[in-house]
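Here the protein sequences come in this chain order: Z and B. In terms of my numbering, the first sequence is residues 6 to 145. In terms of my numbering, the second sequence is residues 1181 to 1670.
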Amino acid sequence: MIEKVVSGIFLLFCLVYMYYAKDLSFGSIVKPKAGFLPIVAGTAGTVLALINFGKVMLKKSETSKSDIRSWKRVGLFFAGLVVYLLILEYVGYLVSTILVMFYLLKVAGTKGWLVPALMAVGVGVGFHFIFDYALGVMLP
Amino acid sequence: MTWANLLAAFAGVLIGTLVGVLPGLGVSGTIALLLPLSFGMHPLTALILFAGIYYGSMYGGSTTSILVNVPGEAASVVTCLDGYAMARKGRAGAALAAAAIGSFVAGTVGLMGLALFAPILAEKALEFGPPEYFAIAFLGLVIFANLTGKSPLRSIMLVLIGIMIGTIGMDPLAGITRFTFSVDELQRGIDFAIVAMGIFGLGEVILTACHPRTAVNVQKVRFRELYPNKTELKRSFWPIIRGSILGFFVGLIPGPSATISSFTSYAVEKRISKRPLEFGQGAIEGVAGPESANNAASSANMIPLLSLGIPFAPASALLLSGFLIHGITPGPTLVSSHPDIFWGLIASMYIGNAMLLILNLPLVGAFASLLKTPLHILMPIMAIVTLTGAYALNNSVFDMVLLLIFGLLGYLMKLGNFELAPLVIGIVLGPTLEKGVIQGLIIHDGSIWSFISRPLAGSLLGIAFVILLLMVIRWGISIWKQRKREVEAK
């Protein structure tokens, strides 16, 4: 199933790429332009992506119960990372890191509340110090 | 050699060994994760750190192969065959010592080759023109696609998609923006470090955090058992020498050369051994040879990177990123324009190699116990490090968005059994390919013959086309055989 999804993603990417690549100027063999490599690579890539997608669609696939449970965890983990991006510049690096770190620890399976909370604070403060003070990176 | 550089060498080899020990957290992902942390460092110090991680991981991979029968790195897969068998017979210490000594000798041989050949190749490369760079990049991509993964068709597809991703942003020659969709941040293209951090780093983090592995049983090794006996040392000697030389030359080939060299060495040792039946049951040659080969290959991998500026493996592509982030362009002029960087790096690799030998044997128990590290704590931390690092590159939340996209893609690709490396190598080598072909065609008035008539470019392109033809023929034969089997089954 995953193989089909990924193959479909690559095929879709190639088709969208070719759709926009056709607007670039190909030039000629004597004077290749900005569209030269995109059109050549895009065409070859699209053909291979189509063949790959066809081969994969002909295969049988199964989804087991454990896959579904893992997917839920993946979805929650990824959602946490997305929320991190959304709140980062509004709440600031330190607070957003502590909150999201706590959430991710719980999603990943860390038991209890005190240990994840302490770890989240430790990581937030530690990374803030390392990146902001030690490395001189300007964090939100 | 300053104290900062020595410390960086030590930190690099320690982290590299840890990375090699922990399955899943590959060397490419680790270098990608640590790239942003190197910002405040002197360029040489940062490069010493990354190089230490790179070859240190080869040492670490053998530890888990021998003690747990789980390869920490792909290049240590074959060590499981005889290494674990030796451990079950109570000879884990001898296997670990053979791997460590072999890695040290091979690393030294590889570094001597690097110090000898890289400057010579760099000098010759000054005569290279766009056709030569195009031919090298093209051949590199073809060989890489041929040697990586089970399906060459899929590998080529991924290389092409990587090339397509590499065209996003400003055209390097005409200055026209491509595929930016009016997004300002896309005008500078997609930073390779972001792609690597996403696909190798975050993708692995999501996989490991959300699909926890079962507990492992680690074989115990006492310090006094670490030394092989006279017979084992004698039997290891020639496999180490052969593995070093073989690994060095295989390491020059684009692709997963460390892995290929270890398998090739195992096959050679088994073929020429007087005790071939012992292989798979605990033959020390089956540990010494492959472990030497993969270390020599990792040193040889640095030659095209340092002398041509062309990486042929994801890890060396990330080392390239490390160079570029610190304002240094590896290639033909590196030796002449930054001799301190070039020779400083090689010197640090000699020192790091010695550090690895000293570290790995006494601390083998400590490294093996790392396998019990609670990943449900480590992985969320790694996720935050990665995202922070992505932000730190350009102070841009957009880079974090790209990181998430590539992280999700990397996760799905791993689950779907897609190789990650071809996509990444396509992104890295695509611009070299494009510049080479367009500049070459413009300079020679569109004459493709000019590519073929130049001795080096023509030879390399000829080899590439022969390999492509063989791939097509092999694919055709496999389809025919499959149809025949289906008909016979009916």
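Even for Gly, the Cβ is constructed at its ideal location relative to N, Cα and C. As the structure is a prediction and not an experimental result, all values here were calculated from the model.
### Task
Just the chain Z side, please: which residues come within less than 9 Å of glycine 1626/B by C-beta, in chain order?
Within 9 Å Cβ-Cβ: Ser33, Ile34, Val35, Lys36, Pro37.
### Message
Cβ closer than 9 Å: which chain D residues qualify as neighbours of cysteine 1260/B?
### Response
Structure shown: chain D not included; protein chains present are Z and B.
### Inter-residue spacing [alpha-carbon to alpha-carbon] between threonine 1357/B and methionine 1350/B
4 Å
#### Entry: Beta-carbon contacts of valine 1604/B that lie in its chain and below 7 Å, excluding the five residues immediately before and after
Result list for valine 1604/B: Gly1342, Val1375, Ala1376, Ile1379, Pro1494, Ala1497, in chain order.
### Query
With 16 as the cutoff for other CB atoms within 10 Å, does methionine 106/Z come out buried or exposed?
buried
### Query
Of all Cβ atoms in chain Z, is any one closer than 8 Å to the Cβ of aspartate 1520/B?
no
### CA nearest to the CA of glycine 85/Z, picked from Tyr1407/B, Phe1361/B, Ile1386/B, Arg1665/B
Ranking the options by Cα distance to glycine 85/Z, first place goes to Ile1386/B.
### Whole-angstrom C-beta distance between valine 1617/B and phenylalanine 1314/B, which should lie under 8 Å
5 Å
### Task
Using three-state DSSP, classify alanine 1350/B as helix, strand or coil.
According to the sequence as given, residue 1350/B is methionine; it is not alanine. Strand at methionine 1350/B.
### Query
Do you know offhand how far leucine 119/Z's Cα is from valine 87/Z's?
25 Å
### Message
So if DSSP puts threonine 1357/B in a beta bridge, which residue, or which two residues, is it bridged to?
### Response
Met1350/B
### Message
For isoleucine 92/Z, would you say it is in contact with chain B, using Cβ-to-Cβ distances shorter than 8 Å as the test?
### Response
So, not an interface residue.
### Message
Rounded to whole angstroms, what is the Cα-Cα separation between proline 1542/B and alanine 1277/B?
### Response
Going by the C-alpha atoms only, they are around 10 Å apart.
#### Entry: CA-to-CA distance, phenylalanine 18/Z to glycine 50/Z, given in whole angstroms
10 Å
### Within-8 Å CB hit, isoleucine 1370/B to chain Z
False, the Cβ-Cβ gap to chain Z never drops below 8 Å.
### Query
Excluding five sequence neighbours on each side, which residues of the same chain lie with their C-beta closer than 8 Å to the C-beta of glutamate 94/Z?
Pro145
### Message
Any beta carbon from chain B within less than 8 Å of valine 142/Z's own beta carbon?
### Response
yes
### Message
Taking 7 Å as the limit between beta carbons, can you name the residues of its chain near glutamate 1707/B, skipping five residues before and five after?
### Response
In this structure chain B extends from 1181 to 1670, so residue 1707/B is not present and cannot be described.
### Query
Taking only runs of the alpha helix (DSSP H) that begin and end inside the stretch 24-58 of chain Z, which ones reach a length of at least 4 residues, in chain order?
none
### Message
Quick check: is the beta carbon of arginine 1268/B nearer than 8 Å to any beta carbon in chain Z?
### Response
no
### Message
Looking at chain Z, is there any beta carbon in it that lies within less than 8 Å of the beta carbon of valine 1581/B?
### Response
yes
### Task
Please list the partners that leucine 110/Z has in chain B, where partner means a Cβ-to-Cβ separation under 8 Å.
What leucine 110/Z touches in chain B: His1556, Ile1557, Pro1560.
### Message
Under 8 Å, Cβ to Cβ, is there at least one residue of chain B near phenylalanine 134/Z?
### Response
no
### Message
Within 8 Å of any Cβ in chain B, is that where the Cβ of tyrosine 22/Z sits?
### Response
yes
### Query
Three or more beta-carbon pairs under 8 Å between the stretch 1478-1492 of chain B and the stretch 1513-1530 of chain B, yes or no?
yes
### Query
Name the chain B residues that come within less than 9 Å of methionine 62/Z, Cβ to Cβ?
What methionine 62/Z touches in chain B, judged by beta-carbon distance under 9 Å, is nothing: the nearest beta carbon there is about 13 Å away.
### Message
Given this structure, state the Cα-to-Cα distance separating methionine 1266/B from glycine 1462/B, to the nearest angstrom.
### Response
The straight-line gap from Cα to Cα measures roughly 4 Å.
#### Entry: Partner residues on chain Z for arginine 1358/B, Cβ-Cβ distance less than 7 Å
Leu29, Ala39, Pro43
### Message
Quick check: what's the CA-CA separation for asparagine 1475/B versus phenylalanine 1578/B?
### Response
38 Å
#### Entry: Any C-beta of chain Z under 8 Å from that of arginine 1334/B
yes
### Query
Taking 8 Å as the CB-CB cut-off, is alanine 1212/B touching chain Z?
no
### Query
Which residues in the same chain have their Cβ closer than 7 Å to the Cβ of alanine 1546/B, if we skip the five residues on either side of it in sequence?
There are no such residues.
### Task
Taking glutamate 1614/B as the query, report the chain Z residues whose CB atoms sit under 7 Å from its CB, ordered along the chain.
Under the 7 Å cutoff, chain Z gives Leu42.
#### Entry: Identity of the residue in Trp1655/B, Pro1510/B, Lys1670/B nearest alanine 1671/B by Cα
In this structure chain B extends from 1181 to 1670, so residue 1671/B is not present and cannot be described.
### Task
Return the residue from the list Leu1432/B, His1518/B, Ile1557/B, Gly1196/B that minimises the CA-CA distance to leucine 1291/B.
Of Leu1432/B, His1518/B, Ile1557/B, Gly1196/B, the residue nearest in Cα terms is Leu1432/B.
### Query
In chain B, what lies closer than 8 Å to glycine 117/Z by C-beta?
The premise fails here: glycine 117/Z is roughly 12 Å from chain B at the closest Cβ pair, so nothing lies under 8 Å.
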